[in-house]
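Undergrad: The structure under discussion is supplied below as structure tokens; questions concerning it will follow.
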Amino acid sequence: MSGNKRLLITRLAWVIIPIIMGALMYLKGRKVPVLFERWLLYNSKETSSFPGSIWIPDYLWGVSLWMAMVVVWNGWERIPMGWKIGIALMVSATELFQWLGWMHGTGDWIDVVMYQMSILTVYILHKTKCI
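Right under this line is the structure:
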């Protein structure tokens with residue numbers, strides 16, 4: 084397998100696996116049913132409110148989002164700075180809008196920390212040449 088193909092597979096794995104892991108944690112870690120469960124026709128009454136089950140899915144989905152951008156632009160350094168700043172601000176702003184009551188949700192500041200950690204994770208993976 085060529086180096087480019089291996090790199091693409093690695094990057095795609097960093098997109099797909101966090102989405103799946105985040106969805107499973109989200110579904111299992113909630114104390115009450117959410118709309119997301121109806122979209123997936125998921126009807127389990129079991130929940131396990133394990134520590135971090137509220138925030139870890141946001142981190143995983145953030146990693147997936149940023150890795151998808153790495154795939155689309157074929158590398159972290161090729162993602163236009165406007166996109167990096169715009170998406171970081173937009174995703175973080177949704178938490179502020181939820182806190183203000185302008186959007187549905189809870190507006191959790193730890194979610195903002197998770198989003199920033201996901202950016203840092205993908206940047207570190209890039210700098211260490213893992214992706």
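The number in my numbering is simply the position in the sequence shown, starting from 1, with 83 added. Even glycine gets a Cβ: it sits at the ideal position worked out from N, Cα and C.
Can you give, in chain order, each stretch of the alpha helix (DSSP H) that sits fully within the region 147-189 and has at least 4 residues?
TA: 164-183
Undergrad: Apart from the five residues just before and just after residue 145, which ones in its own chain have a Cβ nearer than 6 Å to its Cβ?
TA: Numbered from its first residue, the sequence shown carries residue 145 at position 62. For residue 145, where only same-chain residues beyond five positions count, the Cβ hits under 6 Å are 198 and 201.
Undergrad: Can you tell me whether residue 93 is helix, strand or coil according to DSSP?
TA: Walking along the sequence shown from the start, residue 93 turns up at place 10. The three-state reading of DSSP puts residue 93 in helix, counting H, G and I together.
Undergrad: Does the beta-carbon distance from residue 137 to residue 191 come in below 9 Å?
TA: Start at 1 with the first residue of the sequence shown, and residue 137 comes out as number 54. Start at 1 with the first residue of the sequence shown, and residue 191 comes out as number 108. It is a contact, given that the beta carbons lie within the stated cut-off.
Undergrad: To the nearest angstrom, how far is the alpha carbon of residue 208 from that of residue 173?
TA: Locating residue 208 in the sequence shown gives position 125, where the first residue counts as 1. Locating residue 173 in the sequence shown gives position 90, where the first residue counts as 1. Rounded to the nearest whole angstrom, the C-alpha separation of residue 208 and residue 173 is 23 Å.
Undergrad: Buried or exposed for residue 143, please, with buried defined as at least 16 other CB atoms from any protein chain shown within 10 angstroms of its CB.
TA: Taking the first residue of the sequence shown as position 1, residue 143 is located at position 60. Counting Cβ neighbours within 10 Å, residue 143 comes out buried, since at least 16 surround it.
Undergrad: Note down the Cα distance separating residue 186 from residue 194, rounded to an integer number of angstroms.
TA: To locate residue 186, count along the sequence shown from 1; it is residue 103. To locate residue 194, count along the sequence shown from 1; it is residue 111. Straight-line Cα distance between these residues: approximately 15 Å.
Undergrad: Using a threshold of 8 Å, is the CB atom of residue 191 nearer than that to any non-hydrogen atom of the ligand COA?
TA: What this structure holds is no ligand at all, so the ligand COA is not there to describe.
Undergrad: In angstroms, rounded to a whole number, what distance separates the CA positions of residue 171 and residue 188?
TA: Along the sequence shown, one-based indexing puts residue 171 at 88. Along the sequence shown, one-based indexing puts residue 188 at 105. Distance between the alpha carbons of residue 171 and residue 188 is about 18 Å.
Undergrad: Could you tell me whether the Cβ atoms of residue 93 and residue 149 are closer together than 9 Å?
TA: Translated into the one-based positions of the sequence shown, residue 93 becomes position 10. Translated into the one-based positions of the sequence shown, residue 149 becomes position 66. Contact flag unset, no.
Undergrad: If distances are taken between C-alpha atoms only, which option among 211, 95, 84 and 89 comes closest to residue 152?
TA: Stepping through the sequence shown from its first residue, residue 152 is reached at position 69. The shortest CA-to-CA distance from residue 152 to any of 211, 95, 84 and 89 is the one to 95.
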